[in-house]
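Heads up: the sequence shown begins at 1 in UniProt numbering, then just goes up one per residue.
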Amino acid sequence: MSAMDVDESGAEAPPEAMEDIPPPPPPAGPSARRARVQLPEHHEDEGPTYYRLGVDYPVDPDDDEVLHQCARIKKLESLEVVGPKLRKLCLVANCVEKIENLETNVNLEHLELYQNLLKKIENISHLHNLMVLDLSFNKIRSMETLAACSFPRLDRLYLSSNKITDIEGIWQFTNLKMLELGSNRIRAVPPEIASLVHLEELWLGKNKIISMTIPPLPALRHLSLQNNRLEVWEPAFFQNLSGLTHLYLGHNNLPDLPEEFALLAGLVEVDLVRNAITQIKPIPELRKLEELWMNDNKIEDLGQIANLSAFPSLKTIYLERNPMQDLGNKEAEQRYQEAILQAVPHIQQIDAERVNFEIKVITDGTERHVMGIRRS
Numbered sequence: 001m002s003a004m005d006v007d008e009s010g011a012e013a014p015p016e017a018m019e020d021i022p023p024p025p026p027p028a029g030p031s032a033r034r035a036r037v038q039l040p041e042h043h044e045d046e047g048p049t050y051y052r053l054g055v056d057y058p059v060d061p062d063d064d065e066v067l068h069q070c071a072r073i074k075k076l077e078s079l080e081v082v083g084p085k086l087r088k089l090c091l092v093a094n095c096v097e098k099i100e101n102l103e104t105n106v107n108l109e110h111l112e113l114y115q116n117l118l119k120k121i122e123n124i125s126h127l128h129n130l131m132v133l134d135l136s137f138n139k140i141r142s143m144e145t146l147a148a149c150s151f152p153r154l155d156r157l158y159l160s161s162n163k164i165t166d167i168e169g170i171w172q173f174t175n176l177k178m179l180e181l182g183s184n185r186i187r188a189v190p191p192e193i194a195s196l197v198h199l200e201e202l203w204l205g206k207n208k209i210i211s212m213t214i215p216p217l218p219a220l221r222h223l224s225l226q227n228n229r230l231e232v233w234e235p236a237f238f239q240n241l242s243g244l245t246h247l248y249l250g251h252n253n254l255p256d257l258p259e260e261f262a263l264l265a266g267l268v269e270v271d272l273v274r275n276a277i278t279q280i281k282p283i284p285e286l287r288k289l290e291e292l293w294m295n296d297n298k299i300e301d302l303g304q305i306a307n308l309s310a311f312p313s314l315k316t317i318y319l320e321r322n323p324m325q326d327l328g329n330k331e332a333e334q335r336y337q338e339a340i341l342q343a344v345p346h347i348q349q350i351d352a353e354r355v356n357f358e359i360k361v362i363t364d365g366t367e368r369h370v371m372g373i374r375r376s
């Protein structure tokens, strides 16, 4: 089990179950905030294939939100009934083919048409109050039409899982803090992105990006370039993005870490899963680093584990399925774990196993009255 394969609920568990609690994975980006919605099975005798807003689903004139999920809605209509009162429109996992009929909804702040059948971004330039725009999981090929939109309040823009090839049309959104473009067909990050001076999170995983060239983004804290085609470190990357706290570069083909990595002194989480790394480079400047994922690389020398002592705040380390682990050899696996504990005695998690944890039970004594619980 690797850091990429598991999840954590955060709920407490009894002591005997602690070893079975899966460890946390590196975040995969906001597109993972919910998976593709599973549509209910439709049977021919269940009624019409599609339903209508304002007909099958009434729209109340006093509504400031219209929310429908898996409702088989094909068309945006009847929203003039609420007009400027509407603040949030959320139609998730429906069959909407076109953005239309929003002319009267001029005060809309949140437009979410996640997982529909949209092919274009259109008919929204008049929505000057938009703060959140989510058009993820559609069939959109271009962002170009966004250039006609001012959106001075836009804070979050989600366009993951479309067919977009170029980042464009958004340079006027200078208050944007979150940009999600994962799972598209993007090959490069254009220099114009430097105009997004307040951008804090940039998610570009699962694209076709071949270069780490990114201009200065002083506010950027989270960056994902997982599952791209990166093979070379670029020194300017570290100078331009020195404020990063979370960096996700797993599933590329990057070599050993360069000296410039030390410029990212604020890093708390780093994902380097499944690259071409052969060494664990000691970088004492990374004093805040708590989470390091380096499983499925090419580290052969068990002695490299000693370099983990350079990270005083390290809590979680993933190194499984590197050659040095000698997976399947119980004695070798034991030496591997002992080497990590020796290098980082305070470590809390090694791969999928929690270590050095304590369980504190707080009670008022009422358990004496519960059948099956016995005080020692």
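Glycine included, C-beta positions come from ideal geometry on N, C-alpha and C.
Nothing here was measured: the structure is a model prediction, and the numbers come from that model.
DSSP three-state assignment for residue i, whether helix, strand or coil
i	result
arginine 335	helix
glutamate 259	helix
serine 125	coil
serine 224	strand
threonine 165	coil
glutamine 349	strand
leucine 130	coil
leucine 108	coil
leucine 217	coil
leucine 196	coil
isoleucine 299	coil
leucine 146	helix
leucine 286	coil
glycine 328	coil
glutamine 304	helix
serine 309	helix
leucine 79	helix
isoleucine 340	helix
Beta bridge counterpart(s) of residue i as assigned by DSSP
i	result
methionine 178	Arg156 and Glu201
leucine 271	In the sequence under discussion, the amino acid at residue 271 is aspartate, which differs from the leucine named in the question. In the DSSP output, where bridge partners are listed per residue, aspartate 271 has Tyr248 and Trp293.
valine 66	Leu89
arginine 354	Gln349
isoleucine 73	Tyr51
tyrosine 57	Leu53
Local Cβ density within 10 Å of residue i, reported as buried at 16 or more and exposed below that
i	result
asparagine 253	exposed
glutamate 144	exposed
leucine 133	buried
isoleucine 362	exposed
aspartate 56	exposed
serine 224	buried
glutamate 269	buried
histidine 346	exposed
serine 9	With a pLDDT of 34 at serine 9, under the threshold of 50, the modelled position of this residue cannot be trusted, and the question is left open.
glycine 54	exposed
glutamine 239	exposed
phenylalanine 357	exposed
serine 313	exposed
Range covered by the alpha helix (DSSP H) that runs through residue i
i	result
glutamine 239	235-240
Enclosing beta strand (DSSP E) for residue i [first to last residue]
i	result
tyrosine 318	316-318
Are the segment 65-73 and the segment 85-102 touching, with three or more C-beta to C-beta distances below 8 Å?
yes
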